[in-house]
Amino acid sequence: MSLARNPNMPYVTAGRQKSPYERMNVRSHVYVPDADAHADYDGRPTYTAPVKARHEAMRISMKTVIVAVTVALFILGMLYISALSKRAGIYKEGQSIYNEIQTLDREIIVLKEQIAKAQEPNSLRYEASQRLGMINSEGKEPIEIYAPETRPGTAVHSLAAGQERALQHP
Numbered sequence: 008m009s010l011a012r013n014p015n016m017p018y019v020t021a022g023r024q025k026s027p028y029e030r031m032n033v034r035s036h037v038y039v040p041d042a043d044a045h046a047d048y049d050g051r052p053t054y055t056a057p058v059k060a061r062h063e064a065m066r067i068s069m070k071t072v073i074v075a076v077t078v079a080l081f082i083l084g085m086l087y088i089s090a091l092s093k094r095a096g097i098y099k100e101g102q103s104i105y106n107e108i109q110t111l112d113r114e115i116i117v118l119k120e121q122i123a124k125a126q127e128p129n130s131l132r133y134e135a136s137q138r139l140g141m142i143n144s145e146g147k148e149p150i151e152i153y154a155p156e157t158r159p160g161t162a163v164h165s166l167a168a169g170q171e172r173a174l175q176h177p
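Written out as structure tokens, the structure is:
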């Protein structure tokens, strides 16, 4: 099949193509002199390619790129400094909590020593005799005291009697 008869290839090519059946493009600025065109002219109209708008890549100046990179680096730097300051604040807060715990641990140790010292029998006896005026009961005969006025006279006022009455009445 020749290239001229291929419906997908409307142009005739001369010579060998790199890739067979590759589409050909005709530029709008191609000029064929009339003498050459008329020698092979068979009455068909010639093809003129439409003028296409050029889609050039958007160009950015080097100054704009430098400014954009500088602004981006500045913003990243500020975010990094902010993160470092937050980290330092959290570290200081944690250190102060740790110091407070250490101080409380030392106070607990001191208080435990004071409690152990206060619970010694000799110090209890000394405090009882000095502050409360108590005496040692060794060699002394205990005296029994009966105080009926300190107790309720009837069973109605006692707690046990109240429970008994609650059980008797349905």
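The sequence shown runs 8 to 177 under the numbering used here. Ideal Cβ placement from N, Cα and C applies to all residues, glycine included.
Residue i versus residue j: straight-line alpha-carbon distance, rounded
| i | j | result |
| --- | --- | --- |
| I88 | V72 | 24 Å |
| F81 | R113 | 48 Å |
| N106 | S92 | 21 Å |
| E63 | I97 | 53 Å |
| R94 | Q126 | 48 Å |
| K147 | A123 | 30 Å |
| Q109 | V74 | 52 Å |
| I116 | Q102 | 21 Å |
| M69 | A90 | 31 Å |
Own chain, CB closer than 7 Å to residue i, minus 5 neighbours either side, in chain order
| i | result |
| --- | --- |
| A135 | M141 |
Contacts around residue i, its chain only, beta-carbon distance under 8 Å, and the 5 residues preceding and following it disregarded
| i | result |
| --- | --- |
| N129 | none |
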